[in-house]
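Numbering (this note's numbering), first residue to last: 5 to 439. From the three backbone atoms N, C-alpha and C, an ideal C-beta is built for every residue, glycine too. This report refers to the structure that appears directly beneath it.
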Ligand code: TRP
């Protein structure tokens, strides 16, 4: 398969509803990066990963639809990128198994997500593996398959995912070593942390995250929902007219994530000059809503027509599989799983280990006499008898030659076939005797 210099791949686990932090931290930078020339982007919904964390089918279904709609509404150009659902690519779980078979269990024991579970269990006085599924334990292998399936070299992720990329590299190296015959079957991926992408603070100033319950919704609840959430941003108690400290205000950080440098500078100056928090929140709302309102409109349209989202994803799956299918065939072959039709030479070798036997044939010619001959497996005549009056006589000689082999050749009423040596006949008879 062709391997461009910049193949970017990232997955989004489909368990929640996208919030502003997801948009600023992942969706927006990914879409921007996908517009760079010379970059080939693979973005996918990690819905198999979602099953590890969530056993509520309704939530899984809703989340993957919302996340797909969000990416499309945010301006992802599906003709430029490959956008698909992990669960539409059967080659991914198949590759997961090939990788599972070369992944050291000890490596997986060290994975953060698994360690966190066992540590928490131990702290609570439980069995270390209580509540731990094999899905959680093998999570990094599925993720390695996501990445290696498409030979991505650049994987933009959050810091918490760096270890998983390193594990993918380890597994890829081992597979290359075992089955590559000196060739790199898999490209070794690298984690890519976007330093300049802000980690968006939530309502309370900590990282915006569902687990802190401090998120600002991206589209859910409409403009009203956005406004209400912004109203709940925690500020200090300085009154209008009192100078504010922008560097200690996460409201200011949120503003910065959406504003140009010039607008940010104006906002900063106004805060220092005593802009009231109420007015500051109104300006933040207008700024964000101005950018996301057109996307929200598209989002609402898409959510009302899931068949459009489905069609986009099916197209993406076809593009992805056009790469995954031939590559997986190559990988299967590398571990020894090939169609038998594809291995004529190997089969011939195995057969020649057990030589095909020569055969005696008895027959009657037009002269009325009885004959026999010994033919090699390829049809060449090794021995030719003279004619006998009695068929029985011919049969007796055949029996004798079979049982006693070359030692009776001298007295047998036979001649060697053309270009055939006595040695070859002796070998043929020995092979028959051994049967
Ligand atoms: N594990 C990632 C997360 O929770 C999501 C993910 C799954 C992913 N497969 C991936 C990210 C492959 C990058 C590449 O954020």
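Report the rounded CA-to-CA distance for residue 377 versus residue 420, giving the unit in angstroms.
Here the C-alpha atom of residue 377 lies approximately 10 Å from the C-alpha atom of residue 420.
Starting from the C-beta of residue 394, find all residues in its chain whose C-beta is less than 8 Å away, skip the five residues before and the five after it, and write them out in chain order.
Closer than 8 Å at the Cβ level, and outside the excluded window around residue 394, lie 374.
Thinking C-alpha only, which one of 155, 188, 194, 326 is nearest residue 168?
Just measuring C-alpha positions, the residue of 155, 188, 194, 326 sitting nearest residue 168 is 194.
Below 7 Å, is the gap between the Cβ of residue 174 and the nearest heavy atom of the ligand TRP?
Not under cutoff, so the answer is no.
Report yes or no: do three or more beta-carbon pairs, one from the stretch 62–74 and one from the stretch 13–25, lie closer than 8 Å?
Counting Cβ pairs under 8 Å, three or more are found: they touch.
Check whether the Cβ atoms of residue 76 and residue 306 lie closer than 8 Å to each other.
The answer is yes: Cβ separation under 8 Å.
In the structure shown, what three-state DSSP assignment does residue 279 receive?
Residue state, collapsed to three classes: coil.
Which parts of the stretch 16–89 are runs of the beta strand (DSSP E), unbroken and 3 residues or longer, counting only runs that do not cross its ends?
Every unbroken stretch of the beta strand (DSSP E) spanning 3 or more residues and falling wholly within the stretch 16–89 is given here in chain order: 43–50, 86–89.
The beta strand (DSSP E) that contains residue 368, what's its start and end?
According to the DSSP assignment, residue 368 belongs to the beta strand (DSSP E) that extends over 363–368.
Look up residue 388 in the DSSP assignment and say whether it is helix, strand or coil.
Strand at residue 388.
Is residue 258 near residue 204, with beta carbons less than 8 Å apart?
Cβ atoms of residue 258 and residue 204: closer than 8 Å.
Any heavy atom of the ligand TRP closer than 7 Å to the beta-carbon of residue 208?
Every heavy atom of the ligand TRP is 7 Å or more from the Cβ of residue 208, so no.
Do you know offhand how far residue 78's Cα is from residue 32's?
Residue 78 and residue 32: Cα-Cα distance of roughly 8 Å.
Quick check: what's the CA-CA separation for residue 416 versus residue 186?
Whole-angstrom Cα-Cα distance: 58 Å.
Those residues which DSSP pairs with residue 195 across a bridge:
DSSP lists 159 as partners of residue 195.
Reduced DSSP secondary structure (H/G/I, E/B, other) of residue 423:
Here residue 423 sits in coil by DSSP.
Suppose you measure from the CA of residue 23 to the CA of residue 65; what does that come to, to the nearest Å?
When rounded, the distance between both Cα atoms is 18 Å.
Residues with a Cβ closer than 6 Å to any heavy atom of the ligand TRP, in chain order?
Residues with a Cβ closer than 6 Å to any heavy atom of the ligand TRP, in chain order: 13, 14, 15, 17, 50, 53, 147, 150, 151, 159, 161, 165.
On the premise that residue 207 lies in contact with residue 176, defined as a C-beta separation below 8 Å, what is that separation, rounded to the nearest angstrom?
With a Cβ gap of about 41 Å, residue 176 and residue 207 do not count as contacting.
Alpha carbon to alpha carbon, how far is residue 106 from residue 178? Give it in angstroms, no decimals.
Using only the alpha carbons, I get a separation of about 7 Å.
Coil, strand or helix - residue 433 by DSSP
It is helical.
Output needed for residue 111: all residues of its chain with C-beta closer than 7 Å, excluding positions within five of it in sequence on either side, in chain order.
In chain order, 171, 174 place their CB closer than 7 Å to the CB of residue 111, counting only its own chain and leaving out the 5 sequence neighbours on each side.
When you compare only the Cα positions, how much space is there between residue 161 and residue 326?
Taking the straight line joining both Cα atoms gives about 25 Å.
Report the residue ranges of all beta strand (DSSP E) runs contained in full by the stretch 198–253; include only those spanning at least 3 residues, in chain order.
Runs of the beta strand (DSSP E) lying entirely within the stretch 198–253, each at least 3 residues long, are absent.
From the DSSP output, in three-state form, read off residue 136 for me.
DSSP places residue 136 in coil when its eight states are reduced to three.
Got a sec? Which residues, its chain only, sit under 7 Å from residue 315 by beta carbon, not counting five neighbours each side?
Same-chain partners within the cutoff: there are none.
Note the first and the last residue of the continuous alpha helix (DSSP H) segment covering residue 102.
It spans 95–104 - the alpha helix (DSSP H) in which residue 102 sits, taken as one unbroken run.
Between the stretch 112–120 and the stretch 128–142, are three or more C-beta pairs nearer than 8 Å?
They touch, by the three-pair rule.
Are residue 386 and residue 429 touching if we call contact CB-CB under 8 Å?
Contact flag set, yes.
From this set, 58, 133, 285, which residue's C-alpha is nearest residue 233's C-alpha?
Of the listed residues, the one whose Cα sits closest to residue 233 is 285.
Considering Cα atoms alone, identify which of 90, 29, 252, 300 is closest to residue 55.
Of 90, 29, 252, 300, the residue nearest in Cα terms is 90.
Looking at the structure shown, is residue 182 part of a helix, part of a strand, or coil, going by DSSP?
Looking at residue 182 - three-state DSSP - the assignment turns out to be helix.
Just list the residues that DSSP pairs residue 12 with in beta bridges.
Bridge partners of residue 12: 45, 158.
Exposed or buried, which one is residue 6 when buried takes at least 16 other CB atoms within 10 Å?
The predicted position of residue 6 is uncertain, since its pLDDT is 47 and thus under 50; a value taken from the coordinates is nonetheless stated next. Burial state of residue 6 is exposed, judged by a 10 Å Cβ sphere holding fewer than 16 other Cβ atoms.
Using the beta-carbon count (16 or more within 10 Å), is residue 199 buried or exposed?
With fewer than 16 other Cβ atoms within 10 Å, it is exposed.
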